[in-house]
Amino acid sequence: ILIPVVRKRIRNECRRRITNIYLHRSDLEWLGSDGQSSNWNPPCHAGVIAVALYLEDDVMIQAKVLAKALASLPSYLKEFDSDGCTAKGVGYWNGGFGSYTILSHLIECRTNGQVQMLSGEHIQKICNFPVQMEMSPGHFVNFSDAEETTSIDPGICWWLAERCSIPELKFIGRR
Numbered sequence: 003i004l005i006p007v008v009r010k011r012i013r014n015e016c017r018r019r020i021t022n023i024y025l026h027r028s029d030l031e032w033l034g035s036d037g038q039s040s041n042w043n044p045p046c047h048a049g050v051i052a053v054a055l056y057l058e059d060d061v062m063i064q065a066k067v068l069a070k071a072l073a074s075l076p077s078y079l080k081e082f083d084s085d086g087c088t089a090k091g092v093g094y095w096n097g098g099f100g101s102y103t104i105l106s107h108l109i110e111c112r113t114n115g116q117v118q119m120l121s122g123e124h125i126q127k128i129c130n131f132p133v134q135m136e137m138s139p140g141h142f143v144n145f146s147d148a149e150e151t152t153s154i155d156p157g158i159c160w161w162l163a164e165r166c167s168i169p170e171l172k173f174i175g176r177r
């Protein structure tokens, strides 16, 4: 257990170095402010949201962080075609959409289910992407700079399988 002065310092430094910068800048490429998608969008948002929800005491700052993220995340989802496919491959799905899954869970929990980011037909197709791309156990169609053999986060697979009723994801996650 950290002593109070250390906990306070951590909170202050996170506010100064992460939350304040996030709230006051819009020129960071991964934000998608220019309408362009970036696979860094969800991982970066997930980190900032976790800091805001776990270390920030001011609920107005938390709300501003959530609002900014929710405004930016649709640019990431535009990266996926209508069939849920991304030209970046399963490895990028694992990193980008895996982070999207984590941050959606954080936001859903924080808003008591009022904001649900894993609903709708398009999201369902995106969740199913690894299932559609798997040629044989652990081997995926590779294109872009994706690898043929990709390890997908088992926790993400299992959670999405349960949340979105895609039992085939459980098999991928078990590997």
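So in this note's numbering, the last one in the sequence shown is 177, and the numbering has no gaps at all. Where is the CB? At the ideal position from N, CA and C, for every residue including glycine. A quick note: this is a predicted structure, and the numbers were derived from the prediction, not measured.
When DSSP states are grouped into helix, strand and coil, residue 145 belongs to the coil group. Nearest Cα to residue 113 within the set 32, 72, 165, 16: 72. Put simply, of 61, 133, 41 the residue whose alpha carbon is nearest the alpha carbon of residue 78 is 41. DSSP, read as helix, strand or coil, puts residue 103 in helix. Around the C-beta of residue 123, fewer than 16 other C-beta atoms lie within 10 Å, and the residue is accordingly described as exposed.
By the Cβ neighbour-count rule, residue 54 is buried, with 16 or more other Cβ atoms within 10 Å of its own. For the segment 66–123, the full-length alpha helix (DSSP H) segments reaching 4 residues or more read 100–112 along the chain. For residue 150, no beta strand (DSSP E) encloses it, and the DSSP letter there is neither H nor E. Within the DSSP bridge table, the entry for residue 40 names no partner. Burial of residue 67 is indicated by the presence of at least 16 other C-beta atoms within 10 angstroms of its C-beta. For residue 136, the enclosing beta strand (DSSP E) stretches over residues 136–138. Around the CB of residue 12, fewer than 16 other CB atoms lie within 10 Å, so the residue is classed as exposed.
Apart from the 5 residues on each side of it in sequence, residue 58 sits with its Cβ closer than 7 Å to the Cβ of 17, 21, 64 in its chain, given in chain order. In the three-state reduction of the DSSP assignment, residue 168 falls in the coil class, being assigned neither a helical nor a strand state.
A check of alpha carbon separations from residue 10 across 164, 156, 70, 56 identifies 56 as the nearest.
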